[in-house]
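S.K.: In the working numbering, the protein residues as written are 5 to 209.
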């Protein structure tokens, strides 16, 4: 839950609303309907959708989603899962009352445990979630990213420090302008690592 929650918050704070929704949706669909976790994610998903509609000047859709999101968050503890629920509900109420406020003010950032979450704040598990989100509906091969995540985790476990795979995955997530180039480098390193592993396995086959 934590890695999906933080990945989605960082993606939203970077301005990628639809992708933030994707970070939460798969987990949300697996949760028991009406559970506190399900209501939190449902509310956050509709929060991002409300702002998406507002920026497209679909005021009716924005208001409906802002109201609905607030309803899902009603009754949750004030600091549920590290989210300042009352603040999120105040933002939603303000947008529902006057959706055009999004044109007069900067988009509010979302916090976790009192801090605005950015990509630099994510651990490897959350970076893995974000990388898979940004690879959806793109030419990027999910299997390459899955292998890169595995290699990053293996190397961290062995050395306890950041490594080439982790560094490239962080760049893939945080640098959209160079994402294609970073992916090519990741793909090359993954291929080399897989060939190396295959050669080692062949010695004992």
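Here a beta-carbon is modelled for each residue, glycine too, at the ideal position from N, C-alpha and C.
For the alpha helix (DSSP H) containing residue 291, list its first residue and its last residue.
M.R.: Any property of residue 291 remains undetermined from this structure, which presents the chain solely from 5 to 209.
S.K.: Does the segment 151-158 come into contact with the segment 178-195, if we say contact requires no fewer than three beta-carbon pairs (one atom in each stretch) closer than 8 Å?
M.R.: Taking 8 Å as the limit for Cβ pairs, the verdict is that the segment 178-195 does touch the segment 151-158.
S.K.: In the DSSP output, which residue or residues are listed as bridge partners for residue 116?
M.R.: On the chain shown, residue 116 is found 112 positions in, with the first residue counted as 1. Answer is 119, bridged to residue 116.
S.K.: Tell me whether the beta-carbon of residue 55 lies closer than 8 Å to the beta-carbon of residue 106.
M.R.: Translated into positions along the chain shown, residue 55 becomes position 51. Translated into positions along the chain shown, residue 106 becomes position 102. Taking 8 Å as the Cβ cut-off, residue 55 and residue 106 qualify as a contacting pair.
S.K.: List in chain order: all unbroken alpha helix (DSSP H) runs of 4+ residues lying wholly within the segment 150-202.
M.R.: Qualifying alpha helix (DSSP H) stretches, in chain order: 168-178.
S.K.: Roughly how many whole angstroms lie between the Cα atoms of residue 97 and residue 58?
M.R.: Reading the chain shown from its first residue, position 93 is the one you call residue 97. Reading the chain shown from its first residue, position 54 is the one you call residue 58. Distance between the alpha carbons of residue 97 and residue 58 is about 14 Å.
S.K.: Below 8 Å between beta carbons: does that hold for residue 43 and residue 13?
M.R.: Residue 43 sits at position 39 when you count from the first residue of the chain shown. Residue 13 sits at position 9 when you count from the first residue of the chain shown. Contact flag unset, no.
S.K.: What is the C-beta distance between residue 10 and residue 139, in whole angstroms, given that I count them as a contact (C-beta under 8 Å)?
M.R.: Position 6 of the chain shown, counted from the first residue, corresponds to residue 10. Position 135 of the chain shown, counted from the first residue, corresponds to residue 139. Going by Cβ atoms, the distance from residue 10 to residue 139 rounds to 18 Å, so no, they are not a contact pair.
S.K.: I need the DSSP call for residue 21, collapsed to helix, strand or coil.
M.R.: As a position in the chain shown, residue 21 is number 17, starting the count at 1. Residue 21: helix per DSSP, three-state reduction.
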